[in-house]
Ligand code: SF4
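Here's what the structure looks like:
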């Protein structure tokens, strides 16, 4: 049925620009390469859980170098995945340990609250234990992702006044508590039902990084992993994400800190999000969503598109989105309390085309 509803999800398989930008993702989908997290599980890491955090980071740097070498050999066909042995302790085990250290004085995102979430303290996002608000096969994502097994976590590091998922993002206590093993079993089932990937979102997945890494550690399902995030995570989280994700599906809507602060309650937006785009691009494949906001072409849309053109170019795919609808508390801000006009969308797309970006049709 989904093939009828989304014929573009089949035609994208023959789209040369998409295949160039997502070469490895397509090969994982076709069963010719393993997803990155499975490679991470085959790379040995030399550490002891009792070590100080700095020693663990040092071990992480070494294991990551080994990961890069292994990934290159696999991708060049010089090594077969089946020949790689499972080590006693892997790079993914080390990432799980480090992510728990981040939780103990929370630095998972750039709010850097410093609360001990392992002891039940809460920070800006309000997330305690990870809760899954819903999970299902999503047929509304970009063509190359559909069908996408999507896991919506409760809670978010942003407070967007227009959030369309506010009932999930602003209520971190809502949802079901699953174990990593239970969620990994659902991943396996989704793959058997034809999912092209597992898509971690929310809210936002960043406050749930430790739980998600543990879920991937439980899994042997050869499914690409998609990090569907606002990219406000910390540089430490960026290092832990390295080698675990196949696609960074990013939400890049603000072109300056003033708009980010006013409508999403965020400081240091531009510096954080541009830095994380560069890190993501150096690690895996990137699909950027830019939501055109009413009245924000000059201050947000044009600077975002310009930055992408200058720093990432056509090797990333860009989805210029017209879906904005005023939801949640948008009525408190009259200037964004309307959908965008056809003229605004046309100008946004024209600018993206003028810059030569690789656009999602
Ligand atoms: S995830 Fe971010 S917002 Fe939540 S407690 Fe940690 S640092 Fe604070």
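Residue numbers (the numbering used here): 1 to 361. Just so you know, even glycine gets a beta-carbon here, dropped at the ideal spot from N, CA and C. Remember, predicted model here, so these are calculated numbers, not experimental data.
Let me check you understand the geometry: is the CB of residue 157 closer than 8 Å to at least one non-hydrogen atom of the ligand SF4?
Reading the chain shown from its first residue, position 157 is the one you call residue 157. Yes, the ligand SF4 has a heavy atom inside 8 Å of this Cβ.
The segment 110-120 contacting the segment 326-345, beta-carbon criterion three pairs below 8 Å
no
Output the boundary residues of the alpha helix (DSSP H) element that contains residue 248.
As a position in the chain shown, residue 248 is number 248, starting the count at 1. Per DSSP, residue 248 belongs to no alpha helix (DSSP H); it is in the beta strand (DSSP E), 247-251.
Under 8 Å by Cβ, that's how I've got residue 158 and residue 133 pegged, so tell me the actual separation to the nearest angstrom.
Within the chain shown, numbered from 1, the residue matching residue 158 stands at position 158. Within the chain shown, numbered from 1, the residue matching residue 133 stands at position 133. Not confirmed; about 16 Å, so no contact.
Any chance the segment 340-355 sits against the segment 277-287, with 3 or more Cβ pairs inside 8 Å?
no
Coil, strand or helix - residue 276 by DSSP
Translated into the one-based positions of the chain shown, residue 276 becomes position 276. Three-state DSSP puts residue 276 in a helix.
Below 8 Å, is the gap between the Cβ of residue 207 and the nearest heavy atom of the ligand GTP?
Ligands in the displayed structure: the ligand SF4; the ligand GTP is not one of them.
For residue 115: DSSP bridge partner residues
For the purposes of this step, residue 115 is taken as residue 115 along the chain shown, with counting starting at 1. Paired residue(s): none; residue 115 is not in a bridge.
Taking the alpha helix (DSSP H) that residue 103 belongs to, which residues open and close that run?
In the chain shown, counting from the first residue as 1, residue 103 sits at position 103. That run of the alpha helix (DSSP H) goes 91-104.
Please classify residue 11: is it buried, with 16 or more other beta-carbons within 10 angstroms of its beta-carbon, or exposed?
In the chain shown, residue 11 corresponds to position 11, counting from 1. Exposed, by the Cβ-count rule.
Tell me whether residue 106 counts as near the ligand SF4, meaning its Cβ is closer than 8 Å to at least one heavy atom of that ligand.
For the purposes of this step, residue 106 is identified with residue 106 of the chain shown, where counting begins at 1. Yes.
DSSP puts residue 359 in a beta bridge; with which residues?
Residue numbering aside, residue 359 sits at position 359 when the chain shown is read from its first letter. Bridge partners of residue 359: 318.
Can you give the Cα-Cα distance for residue 21 and residue 67, rounded to whole angstroms?
What you label residue 21 is simply residue 21 of the chain shown in a count that begins at 1. What you label residue 67 is simply residue 67 of the chain shown in a count that begins at 1. Rounded to the nearest angstrom, the two C-alpha atoms are 22 Å apart.
At least one CB of chain D closer than 9 Å to the CB of residue 335: is that the case?
The question asks about chain D, but that chain is absent: this structure has only one protein chain.
Out of 8, 82, 345, 304, which has the shortest C-alpha to C-alpha gap to residue 321?
The sequence position of residue 321 within the chain shown is 321, counting from 1. Taking only the C-alpha atoms, the option nearest residue 321 is 345.
Nearest-angstrom Cα separation, counted from residue 129 out to residue 122:
By 1-based counting over the chain shown, the position of residue 122 is 122. By 1-based counting over the chain shown, the position of residue 129 is 129. Near 10 Å, if we compare the C-alpha coordinates of residue 129 and residue 122.
Counted within 10 angstroms of its Cβ, other Cβ atoms place residue 108 as buried (16 or more) or exposed:
Along the chain shown, one-based indexing puts residue 108 at 108. With 16 or more other Cβ atoms within 10 Å, it is buried.
Report the rounded CA-to-CA distance for residue 120 versus residue 313, giving the unit in angstroms.
Residue 120 sits at position 120 when you count from the first residue of the chain shown. Residue 313 sits at position 313 when you count from the first residue of the chain shown. Those two C-alpha atoms are separated by around 43 Å.
Taking only three categories from DSSP, how would you classify residue 296?
Residue mapping note: residue 296 aligns to position 296 of the chain shown, counting from 1. Note: residue 296 maps to coil in three-state DSSP.
Given residue 27, which residues of its chain have a CB within under 7 Å of its CB, disregarding the five upstream and five downstream residues?
As a working mapping, residue 27 is identified with position 27 in the chain shown. 33.
Less than 9 Å separating the beta-carbons of residue 358 and residue 318?
On the chain shown, residue 358 is found 358 positions in, with the first residue counted as 1. On the chain shown, residue 318 is found 318 positions in, with the first residue counted as 1. Taking 9 Å as the Cβ cut-off, residue 358 and residue 318 qualify as a contacting pair.
Rounded C-alpha distance that separates residue 17 from residue 23:
Counting from one through the chain shown, the residue named residue 17 turns up at place 17. Counting from one through the chain shown, the residue named residue 23 turns up at place 23. Taking the straight line from one Cα to the other gives about 10 Å.
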